[in-house]
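K.L.:
Here the sequence shown is numbered in full-length UniProt numbering, starting from 1 and rising by one per residue. Note that CB positions come from ideal geometry on N, CA and C, so glycine has one too. Values in this document were obtained by computation on a predicted structure and should not be read as measured data. Please read through the structure below; I'll follow up with questions.
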Amino acid sequence: MSNLTDIKNFSLPALEQFLSGKGKERFRATQIFKWLYQKDARSFAEMTNLSKDLRQELEATAFISNLSATAVEEGKDGTRKYLFTLDDGEAVESVLIPDEGRNTLCISSQVGCAMQCEFCLTGTFKLSRNLTTSEIVNQVCAVRREFPVTNIVFMGMGEPLHNLQNVIMAIQILQEDNGLQFSTRRVTVSTSGLVPEMAELGRAVTVNLAVSLNATTDELRSRIMPINRKYPLAVLLKACREFPLPSRRKITIEYVMLGGVNDTLDDARRLLRLISDVPNKVNLIPFNEHEGCGFKAPTQAAIDAFHKYLIDRHVTVITRDSRGGDISAACGQLKGKLVKQS
Numbered sequence: 001m002s003n004l005t006d007i008k009n010f011s012l013p014a015l016e017q018f019l020s021g022k023g024k025e026r027f028r029a030t031q032i033f034k035w036l037y038q039k040d041a042r043s044f045a046e047m048t049n050l051s052k053d054l055r056q057e058l059e060a061t062a063f064i065s066n067l068s069a070t071a072v073e074e075g076k077d078g079t080r081k082y083l084f085t086l087d088d089g090e091a092v093e094s095v096l097i098p099d100e101g102r103n104t105l106c107i108s109s110q111v112g113c114a115m116q117c118e119f120c121l122t123g124t125f126k127l128s129r130n131l132t133t134s135e136i137v138n139q140v141c142a143v144r145r146e147f148p149v150t151n152i153v154f155m156g157m158g159e160p161l162h163n164l165q166n167v168i169m170a171i172q173i174l175q176e177d178n179g180l181q182f183s184t185r186r187v188t189v190s191t192s193g194l195v196p197e198m199a200e201l202g203r204a205v206t207v208n209l210a211v212s213l214n215a216t217t218d219e220l221r222s223r224i225m226p227i228n229r230k231y232p233l234a235v236l237l238k239a240c241r242e243f244p245l246p247s248r249r250k251i252t253i254e255y256v257m258l259g260g261v262n263d264t265l266d267d268a269r270r271l272l273r274l275i276s277d278v279p280n281k282v283n284l285i286p287f288n289e290h291e292g293c294g295f296k297a298p299t300q301a302a303i304d305a306f307h308k309y310l311i312d313r314h315v316t317v318i319t320r321d322s323r324g325g326d327i328s329a330a331c332g333q334l335k336g337k338l339v340k341q342s
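The following block contains the structure:
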């Protein structure tokens, strides 16, 4: 299919442009979008409100990509991990996290990751390549065939802002009224702190932003997150203050708690000072231990004390339950590798 165009790589305006370049009416793009994302059409032949000639021309020049899970694992808590094998043999994972009243799908944006955060398993696999727009969107399409998905978080494999243009295009498809129809409140992008790309994301789309902070000093953050050497805390927090948020929305400050490393009351005090002028809510994420990593989970006492310190000072804080730990689907555990069957 190398000479054919993957039609799911287009946002609606891009598809309009593609069709008008072929002398077709722009409104056909809306019809095609509804077939792709609201009726889950897998072929142009299904698109019965398009003329036969247009369907035949599309079949000759374009194709509709698709993903289906190579493997699915379900944890005791209902968390489901999907392994998707891509056309070139690479693989990525997505995680569906059911909760009361909502199903959150955690999707990947890259095969591997270049950020090399010391506590994250995905980063140990290095970056193989960016996902295409269609590979990002098709994770959502595939899971929606089995379960309703209410929320999307770009917190799977990869640094979303390192694949910015494809992620922006995917968000436009997710939020398109004629597409997947997710409201801006239900799409969250998490970043390790690529500052120029944060600004570009904010200009292009309206989304919730989560920033993976994880340390309260530049010395520690540079050690566990090399991106901090390029964009230190002061620069990152300035970018947070300047990020365009709809009224009353807050930036989620993600803080992976590493036992004996960043989990003291002194860390909590510094964190409070750092984020005091950022509209924020804090997500405390107790570290999920995995093979080959020297960090340890924090004690429950350390988690409780850190949480209480922030709550007592009127910070909105949630200590995240470790979901999917028994199937290696928890935060920082995605690896996108086929498990060899014995």
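What are the residues that DSSP puts in a beta bridge with valine 187?
P.N.:
Per DSSP, Ile152.
K.L.:
Using the Cβ count rule (16 or more neighbours within 10 Å means buried), how would you classify alanine 215?
P.N.:
Alanine 215 is buried by the Cβ-count criterion.
K.L.:
Considering only residues of the stretch 201 to 232, which uninterrupted beta strand (DSSP E) runs meet the minimum length of 3 residues and lie entirely inside it, listed in chain order?
P.N.:
Listed in chain order, they are 208 to 212.
K.L.:
List in chain order: all unbroken alpha helix (DSSP H) runs of 4+ residues lying wholly within the stretch 246 to 315.
P.N.:
For the stretch 246 to 315, whole alpha helix (DSSP H) runs of length 4 or above, ordered along the chain, are 265 to 275 and 300 to 312.
K.L.:
Out of curiosity, what's the CA-to-CA distance linking lysine 238 and lysine 250?
P.N.:
Roughly 15 Å between the two C-alpha positions.
K.L.:
Taking asparagine 130 as the reference, which of Glu146, Ser108, Thr206 and Asn151 has the closest Cα?
P.N.:
Nearest of Glu146, Ser108, Thr206 and Asn151 to asparagine 130, Cα basis: Ser108.
K.L.:
From leucine 271 to threonine 124, what does the alpha carbon distance come to, in whole angstroms?
P.N.:
Each residue's alpha carbon lies about 27 Å from the other.
K.L.:
What residue from Gln139, Leu67 and Gly259 has the CA that sits closest to residue 369's CA?
P.N.:
The structure shown does not extend to residue 369, since the chain is modelled only from 1 to 342, so the question has no answer here.
K.L.:
Check this for me: beta carbons of arginine 28 and leucine 54, under 8 Å apart or not?
P.N.:
Against a cut-off of 8 Å, the Cβ pair of leucine 54 and arginine 28 comes out as a contact.
K.L.:
Which residues mark the beginning and the end of the beta strand (DSSP E) in which aspartate 99 is found?
P.N.:
Where aspartate 99 is concerned, the enclosing beta strand (DSSP E) stretches over 91 to 99.
K.L.:
I'd like to know whether the C-beta atoms of leucine 233 and aspartate 218 end up nearer to each other than 8 Å.
P.N.:
Taking 8 Å as the Cβ cut-off, leucine 233 and aspartate 218 qualify as a contacting pair.
K.L.:
Just to confirm my understanding: we take glycine 294, look at its own chain, exclude 5 residues before and 5 after, and list those with CB closer than 7 Å. What are they?
P.N.:
Taken in chain order, the list of residues that qualify is empty.
K.L.:
With three or more C-beta pairs closer than 8 Å as the rule, is the stretch 109 to 122 touching the stretch 14 to 22?
P.N.:
At 8 Å Cβ cutoff, the stretches do not touch.
K.L.:
Looking at the structure shown, is cysteine 106 part of a helix, part of a strand, or coil, going by DSSP?
P.N.:
Cysteine 106: strand per DSSP, three-state reduction.
K.L.:
With the cut-off set at 8 Å, would you say phenylalanine 154 and glycine 202 are in Cβ contact?
P.N.:
For phenylalanine 154 and glycine 202, no; Cβs fall outside 8 Å.
K.L.:
Count Cβ pairs between the stretch 135 to 150 and the stretch 166 to 174 that sit closer than 8 Å; are there 3 or more?
P.N.:
Yes: at least three Cβ pairs fall under 8 Å.
K.L.:
Between which residues of its own chain and alanine 210 is the CB-CB distance below 6 Å, once the five residues before and five after are set aside?
P.N.:
Result list for alanine 210: Thr188, Ser190, Thr252 and Glu254, in chain order.
K.L.:
Could you compute how far the alpha carbon of tyrosine 309 sits from the alpha carbon of isoleucine 275?
P.N.:
Those two C-alpha atoms are separated by around 14 Å.
K.L.:
To the nearest angstrom, how far is it from the Cα of valine 278 to the Cα of arginine 241?
P.N.:
Cα-Cα distance, rounded: 5 Å.
K.L.:
Decide if glutamate 159 is buried, meaning its Cβ has at least 16 other Cβ atoms within 10 Å, or exposed.
P.N.:
Buried is the call here.
K.L.:
What are the residues that DSSP puts in a beta bridge with glutamate 73?
P.N.:
Beta-bridge pairing links glutamate 73 to Lys81.
K.L.:
I'd like the span of the beta strand (DSSP E) that includes threonine 319, first residue to last.
P.N.:
Segment 317 to 319, the beta strand (DSSP E) holding threonine 319.
K.L.:
Taking all protein chains shown into account, decide if glutamine 181 is buried (16 or more other Cβ within 10 angstroms of its Cβ) or exposed.
P.N.:
So glutamine 181 counts as exposed.
K.L.:
Beta-carbon separation of serine 192 and cysteine 106 under 8 Å?
P.N.:
Contact: no.
K.L.:
Which same chain residues, not among the five before or five after valine 261, have their C-beta less than 8 Å away from its C-beta?
P.N.:
Counting only Cβ-Cβ distances below 8 Å, and skipping sequence neighbours, we find Leu220, Ile224 and Phe295.
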